[in-house]
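Peer 1:
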Amino acid sequence: MMAAPAFQDKVFANLCQGIDHLYTDQQLCDLKVVVGEQTFECHRLVLAAVSQFFQALLTSSWRESSSGIVNIEHEDVPAESFSLLLDILYHGKDIITMETAKDILKMSIFLQVKFLEDYCEQYLSDNMAPDTCLGVWLFADRYQLTTLAKKASHMAVTQCTDVPKSKEVVQLSKGTLLIFLSSQKQLSMDGVCETILRWVEGDIESRKDHLGELLPFVSFPHLTQEYLSTLMAYMHHPLKDTVFGKFMLMCAVAIYATSLMYPRSELESCFPLRNSNVTRCIPESIDVWWWWLVPFLLSIEFNAPVPG
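First residue of the sequence shown? That's 30 in the working numbering, and the numbers climb one at a time after it.
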């Protein structure tokens with residue numbers, strides 16, 4: 030005969046309360062967990078019950094099983110996070126927030142605490158916002174959290190407008206950046222250009238060779254005059270040739286320097302965008318004869334004759 034749910038709840042509540050008191054008073058502790066420079070005295074039964082990592086160590090012939098000492102040296106399990114784990118297990122504290130969820134989740138993945146993995150992943154998914162989705166996407170990719178990564182990437186490309194200014198943009202892999210640029214629906218062409226520049230400048234030596242794959246996402250004639258004026262700072266940038274390349278800079282100068290005479294419709298047909306979702310920020314007209322000005326500017330730069 031099965032016990033009534035109310036009775037089961039009472040049993041579990043008293044059991045948890047008793048374990049809480051034993052831990053608080055440090056009674057019957059039969060396991061020492063050394064994390065970094067801190068030692069935590071706890072109960073092997075409690076940890077083995079929720080963690081496959083501890084269960085495997087403590088129910089086999091491993092030396093930890095007989096010595097009662099477990100040393101953990103891993104970047105995903107710092108002492109601060111392990112202390113939070115014990116607060117959750119012994120005291121039932123709900124301390125999962127957007128500030129703690131990632132640290133607790135990656136620790137739970139390493140220690141194989143499945144219920145906590147699921148809870149933290151769901152918490153991040155439910156509480157993600159446009160200003161945090163890029164960081165969540167990076168985190169989910171690193172730890173192969175496919176469902177979370179898919180949701181975060183979708184939010185990033187459909188709702189995130191502050192990508193160029195976010196600190197996470199320089200941490201993106203080239204592959205992730207290419208996915209973002211080819212799928213995003215919120216950034217203006219100014220934002221696309223700024224995103225690429227920030228990413229390259231995050232690690233110029235290793236990323237400069239990828240510009241050939243990234244620059245097709247930028248169409249200079251579709252940049253606003255305001256942004257082009259700020260882009261002119263790169264003409265005096267000590268790394269101008271590495272970051273942008275002389276030819277693209279000269280094109281930018283040419284576009285910025287000419288009058289606004291060319292119809293938008295003709296310009297767009299001349300400069301099809303690689304990503305059709307990019308918000309167009311084109312003035313109503315711009316003079317196509319900047320193409321004639323480019324060879325002239327290049328001839329000044331390289332002392333070459335102007336083509337006839």
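Cβ atoms here follow ideal geometry from the backbone N, Cα and C, with glycine treated the same way. Computed from a predicted structure; not experimentally measured.
Suppose you measure from the CA of I101 to the CA of V64; what does that come to, to the nearest Å?
Peer 2: 5 Å
Peer 1: Residues in its own chain within less than 6 Å of S94 by CB, not counting five upstream and five downstream?
Peer 2: L87
Peer 1: Over the uninterrupted beta strand (DSSP E) stretch that includes L60, give me the two end residues.
Peer 2: Segment L60 to V64, the beta strand (DSSP E) holding L60.
Peer 1: Could you have a look at Q55 and say whether DSSP puts it in helix, strand or coil?
Peer 2: In the structure shown, Q55 sits in coil (DSSP, three-state: anything other than H, G, I, E or B).
Peer 1: Quick check: the Cα distance between N43 and D54, rounded to an integer number of angstroms?
Peer 2: 16 Å
Peer 1: Could you check the C-alpha separation between L167 and A178 for me, to the nearest Å?
Peer 2: Their Cα atoms are separated by approximately 8 Å.
Peer 1: With DSSP run on the structure shown, which of helix, strand or coil describes S195?
Peer 2: Residue state, collapsed to three classes: coil.
Peer 1: Could you compute how far the alpha carbon of Q37 sits from the alpha carbon of A78?
Peer 2: 18 Å
Peer 1: So what does DSSP say about I98, is it helix, strand or coil?
Peer 2: strand
Peer 1: Which class does E70 belong to by DSSP, given the choice of helix, strand or coil?
Peer 2: strand
Peer 1: Flag D238 as yes when its Cβ comes closer than 8 Å to any non-hydrogen atom of the ligand SAH, and as no otherwise.
Peer 2: With respect to the ligand SAH, the structure shown offers nothing to examine, as it has no ligands at all.
Peer 1: State the Cα-Cα distance for the pair C58 and I138, rounded to the nearest angstrom.
Peer 2: 25 Å
Peer 1: Which class does I315 belong to by DSSP, given the choice of helix, strand or coil?
Peer 2: Caution is warranted here: a pLDDT of 40 is assigned to I315, below 50, making its placement in the model unreliable, and no coordinate value can be reported.
Peer 1: Quick check on DSSP: helix, strand or coil for S288?
Peer 2: Note that S288 scores 37 on pLDDT, short of 50, meaning its location in the model is unreliable; the coordinates nonetheless yield the value given after this. Note: S288 maps to coil in three-state DSSP.
Peer 1: For my contact list, I231 and V199 are in at a C-beta cut-off of 8 Å; report their separation, rounded to the angstrom.
Peer 2: Correcting the residue type first, residue 231 is Gly in the shown sequence and not Ile. Going by Cβ atoms, the distance from G231 to V199 rounds to 3 Å, so yes, they are a contact pair.
Peer 1: Would you tell me roughly how many angstroms separate the C-alpha atoms of R236 and V229, rounded to the nearest one?
Peer 2: 5 Å
Peer 1: I'd like to know whether the C-beta atoms of I233 and L206 end up nearer to each other than 9 Å.
Peer 2: no
Peer 1: At the level of alpha carbons, what is the spacing between L113 and I124?
Peer 2: Their backbone Cα atoms lie some 8 Å apart in a straight line.
Peer 1: Using the three-state DSSP reduction, which class does S80 fall into: helix, strand or coil?
Peer 2: coil
Peer 1: How far does the alpha helix (DSSP H) with C149 in it extend, from its first residue to its last?
Peer 2: Taken as a continuous stretch (DSSP letters only), the alpha helix (DSSP H) holding C149 covers K143 to N156.
Peer 1: How long is the line joining the alpha carbons of E109 and L51, rounded to whole angstroms?
Peer 2: 21 Å
Peer 1: For L252 and D219, what's the separation of their Cα atoms in angstroms?
Peer 2: 6 Å
Peer 1: With a CB to CB cut of under 6 Å and the five nearest residues on each side skipped, what residues in its chain are close to D132?
Peer 2: S110
Peer 1: Could you tell me whether the Cβ atoms of V247 and C222 are closer together than 9 Å?
Peer 2: Yes, Cβ-Cβ distance for V247 and C222 is below 9 Å.
Peer 1: Do S212 and D170 have their C-beta atoms closer together than 9 Å?
Peer 2: no
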